[in-house]
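Residue numbers (this note's numbering): 169 to 346. Inspection log for the structure reproduced underneath, given as structure tokens.
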Amino acid sequence: MGMEAKKERGRFQIYTGDGKGKTTAALGLAMRAVGRGHQVYIGQFMKGQDYGELHSLAKVEGITIEQYGDPEWHFAGKLTAAQLERAAEGLKRAREAVASGRYRVVVLDEINMAVWFGLIPLEAALSLARAPRGGTELVYTGRQADPALIELADLVTEMREIKHYYATGLKAREGIEY
Numbered sequence: 169m170g171m172e173a174k175k176e177r178g179r180f181q182i183y184t185g186d187g188k189g190k191t192t193a194a195l196g197l198a199m200r201a202v203g204r205g206h207q208v209y210i211g212q213f214m215k216g217q218d219y220g221e222l223h224s225l226a227k228v229e230g231i232t233i234e235q236y237g238d239p240e241w242h243f244a245g246k247l248t249a250a251q252l253e254r255a256a257e258g259l260k261r262a263r264e265a266v267a268s269g270r271y272r273v274v275v276l277d278e279i280n281m282a283v284w285f286g287l288i289p290l291e292a293a294l295s296l297a298r299a300p301r302g303g304t305e306l307v308y309t310g311r312q313a314d315p316a317l318i319e320l321a322d323l324v325t326e327m328r329e330i331k332h333y334y335a336t337g338l339k340a341r342e343g344i345e346y
């Protein structure tokens, strides 16, 4: 009678702060997981534009990536019905991904900002983080992580800008920033 290996409990991670590298860190974790034969789900909130990772990750077996942002995102003091609908759709898909047990890693990219802007209620983000998820590692990225989410998380990394070339007027570059 062999003993079955105990499945490790998935943790809740947050990558936040004003520095560059939050999404990049989460994508590195995703690549590490698929390198070990695991499935990964990435839901991008606030992003609907053509980011380089969409092209590269589409070629990686084991990664599912979906966007739930407005391609022409701007916030003029009022959220649109379409923006709220896309965010709700993304949250629904995220819940399904976590509940399915199919994914070792679920990354919700820019969900912290979606909460901060009011696209997703804080309680919904907290509820998802508290939900039973077995061995699924849950990762939230984005600036402005709510203190309640930080308190709940098992790991929080804050990216802090020390120096950035944007200050010299350099614009976002294809393949580097997007």
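The beta carbon of each residue, even a glycine, is placed where N, CA and C say it ideally should be.
Check: Per the DSSP calculation, leucine 317 is bridged to which residue(s)?; Outcome: According to DSSP, which records beta bridges pairwise, leucine 317 is partnered with nothing at all.
Check: Is DSSP giving glycine 203 helix, strand or coil here?; Outcome: helix
Check: At what residues does the beta strand (DSSP E) containing glutamate 305 begin and finish?; Outcome: 305-309
Check: Give me whichever residues DSSP pairs with leucine 276 in a beta bridge.; Outcome: Gly211, Tyr308
Check: With a cut-off of 8 Å on the beta carbons, I'd call glycine 185 and glutamate 326 a contact; round off their distance for me.; Outcome: 4 Å
Check: Can you give me the C-alpha to C-alpha distance between methionine 281 and arginine 204, rounded to a whole angstrom?; Outcome: 30 Å
Check: How long is the line joining the alpha carbons of arginine 270 and glutamate 257, rounded to whole angstroms?; Outcome: 19 Å
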